[in-house]
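Residue numbers (this note's numbering): 17 to 456.
Structure (structure tokens):
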């Protein structure tokens, strides 16, 4: 699709959602509060569906931007976040000739001259590229990740249009500074994902981070068959999260997966201060011994020590029921307004009792039976009444993405365990981890 056609589609999307918002506001002026709220929800849903449909049709940068925007579920209305999440589904692949030409442009030769075997049918397809199975000349099974041509050209234009559409539709309730921070974060991560040389560096880095954790398997980069838009990695097999029942995974294996996912995430968050920030279940695979295969290191978020320390403090204070300390930590994270009305301890306790139940439960916590996501939805109306006190924590949006994504994974895996024992050493302010972070 040409740049002019992209512009026309995005401009049409913006005009459509802006008109819908204006119409909704006009109608709301003549309705009671309950009717107005229902009409707003319908308007948000229609706008979300229009935005998601347009971004999906455009593929490339626009579709990826929509996927990344869906991480900000605490910033966007539920109707829009749900619509954008549908963009996570696998995209239709590009023709093989396009892929072959892209490989020649990047590596100087066609696939049949670079690999002993190259499967023309893609192994997987996504918004900005697709993956093919292949075999190197020395007999190694590999996957070849190929970026679609021209994706990087439209990034800034697509970002600007999405931002304008979200503002025009009334879907974003953010200050200009927070909006700039959110879209700046998305832009930075997106350009990282578009640079496969950067992803290759990430793969090597995370292999080092987890080298003493034998339950973590990460592919190896084949440097001589990689470039800015082509990445060749060793093929590391594992079972999809959707196949655990068919493969007969025992409860013991599922519990071990949960423990190992915790250990993997805690290592990245509190020790490496760098997280694999795309927790889509498709980026992980599992084995019956409880080990985990991690794929796709395009989106990596590096964390500032004060933010990690404040995040740990929020968890620690919640466990200890120190609500004054939790308030200070949440202000440091930007989740609570420094100049806003004070938040009562009882309200913090309601969130603590919901979010930290995997750590505070006297019995082993069963993620397969978890209702945390449902209980959170019950608390949201109270949060909306306290918007003078709270604000979207833009600084931790990728941490929240990881935590929320892995919660969904643990529910599907049906892991059980005593997870407090894993978390405490990392968040205890007198522990080695926090002492080390304080020195950074």
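Each residue gets a CB set at the ideal place from its N, CA and C atoms; glycine is no exception.
Bear in mind the structure is a predicted one, so any value in this text is a computation, not a measurement.
The beta carbon of residue 399 lies closer than 8 Å to those of 406 in the same chain, with the five residues before and after it left out. Inter-residue distance for residue 168 and residue 204 is about 12 Å (C-alpha atoms, whole angstroms). Take the alpha-carbon of residue 178 and the one of residue 201: they are about 14 Å apart. For residue 204, the enclosing alpha helix (DSSP H) starts and ends at 192–209.
Residue 445 is positioned such that its CB atom lies closer than 8 Å to that of residue 332. Within the region 348–413, the runs of alpha helix (DSSP H) at least 4 residues long that lie entirely inside it are, in chain order, 361–371, 373–376, 388–400. Taking all protein chains shown into account, residue 430 has 16 or more neighbouring C-beta atoms within 10 Å of its C-beta and is therefore buried. Distance from the CA of residue 192 to the CA of residue 411, rounded to the nearest whole angstrom, comes to 15 Å. C-alpha of residue 140 to C-alpha of residue 370: approximately 37 Å in a straight line. Straight across, the Cα-Cα distance linking residue 144 with residue 170 is about 12 Å. Taking 8 Å as the cut-off, the beta carbon of residue 302 is found closer than this to the beta carbon of residue 257. Shown here, residue 64 sits in a helix according to DSSP, grouped into three states. Taking the C-beta atoms as reference points, residue 310 is found nearer than 8 Å to residue 299.
Distance from residue 287 to residue 449 at the Cβ level is roughly 7 Å; contact confirmed, criterion being Cβ atoms closer than 8 Å. The DSSP-derived three-state label of residue 249 is strand. 315 is the residue among 290, 129, 315, 424 whose C-alpha sits nearest the C-alpha of residue 213. The Cβ-Cβ distance between residue 247 and residue 161 falls below 8 Å. Beta-bridge pairing by DSSP links residue 149 to 159.
In chain order, 314, 315 place their CB closer than 6 Å to the CB of residue 209, counting only its own chain and leaving out the 5 sequence neighbours on each side. The straight-line gap separating the alpha-carbon atoms of residue 265 and residue 434 is approximately 20 Å.
In this chain, residue 435 is not harboured by any beta strand (DSSP E), its DSSP state being neither H nor E. Pairing residue 240 with residue 384, the inter-Cα distance amounts to about 44 Å. CA-CA distance, residue 125 to residue 207, rounds to 26 Å. Ranked by how close their Cα comes to the Cα of residue 251, the residues 157, 216, 338, 352 have 157 in first place.
Judged by beta-carbon spacing, residue 305 lies beyond the 8 Å limit of residue 357, meaning their Cβ atoms are not closer than that value.
Annotation for residue 108: 141 place their beta carbon closer than 7 Å to its own, counting only its chain and skipping 5 residues before and after.
Between residue 414 and residue 293, the beta carbon gap of about 4 Å places them in contact (Cβ cut-off 8 Å).
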